[in-house]
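Notes follow once the structure below has been shown.
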Amino acid sequence: MSKIQYGVFFLLSVIFPVFMGYVQIFSDGMFSLPFAFLLGVMMAVVYAVQQKFSGKLIVRGMFILLIIFFLSGKCFDFSYDGQAYHQEAAYNLASGWNPVWDGADDVDLLTETYPKALWLYAGMWYSVTGNLLVGKAYNIILALAAILFINNILKEILGSGRKNVRIGITLLLVFNPVVLAQLFSYYNDGTVYLLLILLSATIYLGFFSKDEFLSKNIASMLIITLLAILCNTKFTGVVYAGAFSFFTMIALWLKKRKDIYRRVAGILSAGLILGTLVIGFNPYVTNTIRHGHPFWPLLGTNTIDIITPHEHPDFLKQNRVVKLVWSQLAEMRSKTIFNRKEAVETYGLPRIKIPGEIKFQELLEAKSEDTHIGGFGPWFNIVFLLGLASLVVAAKKKIFSKIEWLLLVGILTSVLLNPECWWARYAPQFYLFPILTLLFFIYRRRCSCRWCVILLLPVIINILLVAAPVLAKQVVFEYRFSRDMNKIERAANETGCPIPVVFTDFSVDRITCFEQRGIPYDIVDESTISPIEEPMFISGTHKKILVYSLDDFQ
0 MSKIQYGVFF LLSVIFPVFM GYVQIFSDGM FSLPFAFLLG VMMAVVYAVQ QKFSGKLIVR
60 GMFILLIIFF LSGKCFDFSY DGQAYHQEAA YNLASGWNPV WDGADDVDLL TETYPKALWL
120 YAGMWYSVTG NLLVGKAYNI ILALAAILFI NNILKEILGS GRKNVRIGIT LLLVFNPVVL
180 AQLFSYYNDG TVYLLLILLS ATIYLGFFSK DEFLSKNIAS MLIITLLAIL CNTKFTGVVY
240 AGAFSFFTMI ALWLKKRKDI YRRVAGILSA GLILGTLVIG FNPYVTNTIR HGHPFWPLLG
300 TNTIDIITPH EHPDFLKQNR VVKLVWSQLA EMRSKTIFNR KEAVETYGLP RIKIPGEIKF
360 QELLEAKSED THIGGFGPWF NIVFLLGLAS LVVAAKKKIF SKIEWLLLVG ILTSVLLNPE
420 CWWARYAPQF YLFPILTLLF FIYRRRCSCR WCVILLLPVI INILLVAAPV LAKQVVFEYR
480 FSRDMNKIER AANETGCPIP VVFTDFSVDR ITCFEQRGIP YDIVDESTIS PIEEPMFISG
540 THKKILVYSL DDFQ
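As numbered in numbering that gives the first Met the number 0, the sequence shown has no gaps in its residue numbers, which increase by one up to the final residue, 553.
What follows is the structure in structure tokens.
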């Protein structure tokens, strides 16, 4: 029971601050954002006490969270989107921009029109700590809560005597390659995946479990709030939240749970309404009023094309099923230049590879937060094919239950609702389709240890092939970044002069690289700099910060 309570406590540490942040927004700044954050934290603790969480659990939980926040604040976000707009949006919210009451001209297009729940959470952390990197801790917190929830579900299903098996399966389910790749960044696609499995686990623990790990009241509160946050994490979150709700109701109908059917329907409806019309007023209502479509600028009129430049035009012409299967069987790659004819001819169509084949370039791709083709890892093609084979055998011999089939159909349906589901991070839940197929097959056939190893070994190897480059990248980039920033800081201290800097794209790096470290800087016009001068590129910032010698400006 205590492990579930830890998971709930971790979720409360995200949920209550987010919702108090929205109260602050709708009240038009009646109180400050730091006060809203502290009030949210206080409410989370009070709620935990009210639900009879032990004092020891609350103290330990807060200690674990402090460690997570400290580490998150020390890990630089090296991702492109994190530096391009996620952190900037969080900064704007922390600086007083109100998405409900203020005009759209005060911020960039994406900040105005995209969902904001996690940006608000990050902005609240920045308003309290002055560190813009702390707020991305939500990925680690949600992953930890998911581990605790799923482990308890597996304990009920498999029994308490198979601890190592439970832990292994739990880690395989939680650490989706997309989650791993984005764990230290502000990317939120892995977050969508974590929210989906947390919602599924909460539904099971609250309403299907034989043991009362969660009371129905706590489960109901978690489902409503997590569903609302899912709707306000990404545009696709609304689509996936709707699919999740629909298939949950079908599951209740199949299990003939009339006793809770209406209650769960009300809970899911409340979550969707709260997520789209209340805290989702901006962007969904405001986008509709201002631009004619709730998902603008991705859909509607005068949209932004974020797909065409990223893959071969002949590939993009295929239907979504073909693109999805093709991407799983192809060599990993991420190209963003297919709007030029020479790039189309040079790189060609995604290459189908032999199962098990690995190129060094794929390992370099695996460290990216945004791998396009083959984005679930270099060995996921083997996992995918094993899953399909298991599915065929299961269908032929009728070994899956109705609920298991429903879960697989629900996952695949939600994936195919997205026309660009071939791009791994846009449909992260597809990872579960072959994995759960293999797990159901093993469980129903009561496979021997040898067969279990044969079936799950490719899954394990694939995860390791993603985890190793991701962790190596973070460590190496952190070292290089710290080395460069220490050099710049020493120069500033020795001369007593501001560092001349050009922020060519990612202006938010002025905060994370300079202001948070107390390094004085001057933004200079690059056009006034002599071509013979060689700038210093700060490692890990996509070479968008150009630091020039102080001698050239004295």
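We put the CB at the ideal spot given by N, CA and C, even for glycine.
What you are looking at is a predicted structure, and each value in this text was computed from that prediction instead of being measured.
Roughly how many angstroms separate the alpha carbons of residue i and residue j, rounded to a whole number?
i    : j    : result
A342 : L117 : 36 Å
D551 : L271 : Any reading at D551 must be qualified, since the residue scores a pLDDT of 49, below 50, and its modelled position is unreliable; no value is offered.
N380 : T307 : 24 Å
A103 : E87  : 15 Å
F315 : T370 : Here the sequence assigns Leu to residue 315, which means Phe is not the residue at that position. Taking the straight line joining both Cα atoms gives about 16 Å.
N138 : G81  : 13 Å
L390 : V469 : 31 Å
I278 : E493 : 49 Å
L276 : S268 : 12 Å
T232 : G347 : 34 Å
F174 : L141 : 11 Å
F68  : N130 : 10 Å
N281 : W124 : 21 Å
Q553 : D524 : With a pLDDT of 44 at Q553, under the threshold of 50, the modelled position of that residue is not reliable, and the figure given next carries that caveat. Distance between the alpha carbons of Q553 and D524: 15 Å.
A466 : V263 : 37 Å
A180 : L119 : 22 Å
E477 : K486 : 14 Å
G54  : F62  : 12 Å
D210 : S199 : 16 Å
Residue i by DSSP, collapsed to three states: which one?
i    : result
Y425 : helix
F552 : Only weak support exists for where F552 lies, its pLDDT of 45 falling under 50; the coordinates are left without a value.
I398 : coil
I351 : strand
V48  : helix
K135 : helix
G270 : helix
E211 : coil
E310 : coil
H292 : coil
P16  : helix
M29  : coil
Q515 : coil
Q327 : helix
C451 : helix
N175 : coil
D76  : coil
Y203 : helix
N130 : coil
Report the residue from the options whose alpha carbon sits nearest the alpha carbon of residue i.
i    : options                : result
F234 : T527, I510, G274, C74  : G274
Y185 : I149, G134, G291, F314 : G134
R482 : L470, T436, F536, F294 : F536
T201 : G236, K162, R161, S244 : S244
L197 : V284, A264, N151       : N151
S71  : R289, F440, S526, F183 : F183
T110 : A89, F480, G205        : A89
V321 : E356, W422, N338       : W422
I223 : G241, F212, S548, A471 : G241
A121 : L147, F52, L32         : L32
M29  : W252, W100, A250       : W100
R332 : E368, L37, R319        : E368
F429 : W96, V507, H311, L193  : L193
I24  : Q49, C512, N91, K73    : N91
Under the DSSP definition of a beta bridge, which residues are partnered with residue i?
i    : result
R332 : I372
Y520 : I498
F536 : L545
Which same chain residues end up closer than 7 Å to residue i when comparing Cβ atoms and leaving out the 5 residues on each side of it in sequence?
i    : result
A43  : L11, S12, F15
R350 : A329, E330
R516 : M484, E488
T335 : P308, H309
L405 : F246, I249, A250, L253
F52  : Q4, F8
E403 : F439
For residue i, which residues of its own chain have a beta-carbon under 8 Å away from its beta-carbon, when the five flanking residues on both sides are left out?
i    : result
I434 : L171, L172, V382, G386, V458
Q317 : W325
S208 : I152, E155
T412 : A242, F246
Y260 : M248, L251, W252
T169 : I146, I149, N150, L153
Of all Cβ atoms in chain C, is any one closer than 7 Å to the Cβ of residue i?
i    : result
I149 : The structure shown contains no chain C; it holds only a single protein chain.
If I measure Cβ to Cβ from residue i and keep anything under 6 Å in the same chain, skipping five residues before and after, which residues do I get?
i    : result
F18  : none
Y631 : Nothing can be reported for residue 631, as the shown portion of the chain is limited to 0 through 553.
Y84  : L109
Y283 : T275, P293
S126 : L32, P33, A93
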